[in-house]
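Comments concern the structure below.
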Amino acid sequence: MPPTPKWFDALKKDPKALDAGIHWFTPEESEAKRLELLREYEPALGRARQHLPDEAFTAARALVERFLPVGLGPTATDRLGNKTRSWLLVEKQSAVELKVALSPLHPPLFWLSAGQTVATLKDVLATYFPAFAPSEDKLERTVRGFLGTNARDHLDLIQLHDRYKASAFMDGVAWGSAYPREPVLDMLPKGAAGQAQARRYREQAPTGMPTFSFRSLYSRSILTAEAHVGGVEGINLFIARLRYRPAKQAPMIREINQRLGTKYPEDLPVDLAGALTGLPFDTSDTLRAALSQPLQPAQLSFTILCLDGLAPDQASAERQLREFMSHPEGSVRQLVAHLALRRGLKGLLSEMAQAERHPELQKQISAAVQRLG
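Residue numbers (the working numbering): 21 to 393.
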């Protein structure tokens, strides 16, 4: 590595870095950590892939080779007591800023830019190492996105649970729909007792939508995977609901979106972005953009089904369904009526029954109105 820049020398000498929990490596430690990091990108391990596509993973490995680990930052602890310490890195040939890898298993695309001073480093770390996990009502931002289906993408809820449990961006302890509110914020007991408690938390309610919810390991945001079953026979939709405090790494999220072809919200914490990698995350805005193009009835029906799953509440769902209640294609109107019936939207169904001109469909919609009483 060329002579270290003045800003880095000053940073290492700043006593406030030690107060922030920073440990600086010796040259020998840096070299050992560099080799350790590279091993995570070898085919035999590959733990740093984190669902990156092949091209992005190859680019990540090439980028890792340009960096040198220079220290350790704060530690994140999950509910089973597993600890993950963050790494600090600089580029070997042109060290213009410090980088923070929240975990050595996070690809460089998810490393945080931390500037050149203790103040800028602490500012970045504050988002991802809160003293306490914020309560659910303190997570002021909610975003919903479509992940895929069982038929097209071969997804199921257990598969999604296992995916997020294994993610280096998430705390692996989940809670199921039997718990409308998060059951615990404390660490679970060690051993069999803790595992038994974790199993209880995964229980599903006997009725309603099956879900699994997770905290992200760093920003302590919440990701909930929802299984929407029965909207259309044979098709189960899977939706992710994200609840988080807005982060301030918009340029970084824009780069992730550009590299991966995603459309994540620019205020998304990077640990949520990392956990979502490898699956779509299509918001209602993304799906609505597709409606500006002519769609075949089957494509339009699928989009309406997804929009219904993404609706945050009954009022939003009804507004969306009303847009298509008079569509010229009978199969589309039939789907709208079916979704309105599932949601108990009697007023909408009554209007559709009065306006419907196809005798058989009018009969079906009228029967649906009667079923709602």
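Note that CB positions come from ideal geometry on N, CA and C, so glycine has one too.
Quiz item: Is the CB-CB distance between Ala115 and Phe28 below 8 angstroms?
Solution: yes
Quiz item: Phe301 by DSSP, collapsed to three states: which one?
Solution: In the structure shown, Phe301 falls within a coil segment according to DSSP collapsed to helix, strand and coil.
Self-check item: Completely contained alpha helix (DSSP H) runs for the segment 33-104, where each covers 4 or more residues
Solution: 35-39, 47-59 and 74-84
Quiz item: Grouping DSSP H, G and I as helix and E and B as strand, with all else coil, what is Leu243?
Solution: strand
Quiz item: Do you know how far the Cα of Pro94 is from the Cα of Leu311?
Solution: Rounded to the nearest angstrom, the two C-alpha atoms are 46 angstroms apart.
Exercise. Indicate the three-state DSSP secondary structure (helix, strand or coil) for Val144 in the structure shown.
Key: Note: Val144 maps to helix in three-state DSSP.
Self-check item: Nonlocal neighbours in the same chain, by C-beta distance under 6 angstroms from Val193, ignoring five residues either side
Solution: Arg99 and Ala218
Quiz item: Just checking, does the segment 235-243 make contact with the segment 148-157 on the three C-beta pairs under 8 angstroms criterion?
Solution: Note that the segment 235-243 touches the segment 148-157; at least 3 beta-carbon pairs, one per stretch, sit closer than 8 angstroms.
Practice problem: Throw me the rounded Cβ distance for the Leu296 and Ala267 pair, which I believe falls under 8 angstroms. | Solution: So it is not a contact: roughly 14 angstroms between Cβ atoms.
Quiz item: Near Gln382, which residues of its chain fall below 7 angstroms by C-beta distance, leaving aside the five closest residues on each side in sequence?
Solution: Ala373 and Glu376
Self-check item: Proximal residues to Gln384 (C-beta, below 8 angstroms), its chain only, five neighbours per side dropped
Solution: Gln354 and Ala357
Exercise. Could I get the ranges of all uninterrupted beta strand (DSSP E) runs contained in the segment 135-211, with 3 residues as the minimum, in chain order?
Key: 161-169
Quiz item: Count the other CB atoms within 10 Å of the CB of Gln70; is the residue buried (16 or more) or exposed (fewer)?
Solution: buried
Quiz item: What do you get for Ser187, buried or exposed, if any count of 16 or more other CB atoms within 10 angstroms of its CB means buried?
Solution: buried
Quiz item: In the DSSP assignment, what are the bridge partners of Leu109?
Solution: Pro89 and Lys119
Self-check item: Close-in-space but distant-in-sequence residues of the same chain around Lys263 (CB under 6 angstroms, 5 per side omitted)
Solution: In the sequence under discussion, the amino acid at residue 263 is Arg, which differs from the Lys named in the question. Correct list, in chain order: Leu159, Thr162 and Ile242.
Quiz item: Does DSSP put Thr231 in a helix, in a strand, or in coil?
Solution: strand
Quiz item: Along the chain, where does the beta strand (DSSP E) that runs through Arg261 open and close?
Solution: Ile255 to Tyr264
Quiz item: By DSSP, does Gly364 sit in helix, in strand, or in coil?
Solution: coil
Quiz item: What is the DSSP secondary structure of His358, reduced to helix, strand or coil?
Solution: helix
Self-check item: Beta-carbon spacing of Met345, Leu368 below 8 angstroms
Solution: Yes.
Exercise. Measure the CB-CB distance between Leu327 and Ala260 and report whether it falls below 8 angstroms.
Key: no
Quiz item: Three or more beta-carbon pairs under 8 angstroms between the segment 81-94 and the segment 198-207, yes or no?
Solution: no
Quiz prompt | Arg391, buried or exposed, once every other Cβ within 10 Å from all chains shown has been counted against 16 | solution = exposed
Quiz item: From this set, Pro127, Val144, His126 and Glu286, which residue's C-alpha is nearest Ala134's C-alpha?
Solution: Val144
Quiz item: Which residue's Cα is closest to the Cα of Gly364: Ser351, Gln319, Glu338 and Pro348?
Solution: Each of Ser351, Gln319, Glu338 and Pro348 was checked against the Cα of Gly364, and the nearest Cα belongs to Glu338.
Exercise. Please report how far the alpha carbon of Gly251 lies from the alpha carbon of Trp195, in whole angstroms.
Key: Answer to the nearest angstrom: the Cα atoms are 24 angstroms apart.
Quiz item: Ser351: buried (16+ other C-beta within 10 angstroms of its C-beta) or exposed?
Solution: exposed
Quiz item: Looking only at DSSP bridge pairs, what is His248 linked to?
Solution: Leu257
Quiz item: Over what stretch of residues does the alpha helix (DSSP H) that includes Arg274 continue unbroken?
Solution: Per DSSP, Arg274 belongs to the alpha helix (DSSP H) from Ala270 to Leu280.
Quiz item: Just checking my contact of Phe258 with Thr169 at CB under 8 angstroms: how many whole Å lie between their CB atoms?
Solution: Between the beta-carbon of Phe258 and that of Thr169 there is about 7 angstroms, and that keeps the pair under the 8 angstroms contact cut.
Quiz item: With C-beta atoms as the reference, is Phe234 less than 8 angstroms away from Asp206?
Solution: no
Self-check item: Chain-order list of residues whose beta-carbon lies under 6 angstroms from that of Thr77 (same chain, five-residue window excluded)
Solution: For the sequence presented, residue 77 should be read as Phe rather than Thr. Arg69.
Self-check item: DSSP bridge partner residues for Ser336 (one or two, in chain order)
Solution: None, per the DSSP bridge assignment.
Self-check item: Assigned secondary structure, Leu325 (DSSP; H/G/I helix, E/B strand, else coil)
Solution: helix
Exercise. Compute the beta-carbon to beta-carbon distance between Ala245 and Leu299, rounded to the nearest angstrom, for a pair I have assumed lies under 8 angstroms.
Key: Actually they do not touch by this definition, with Cβ atoms about 10 angstroms apart.
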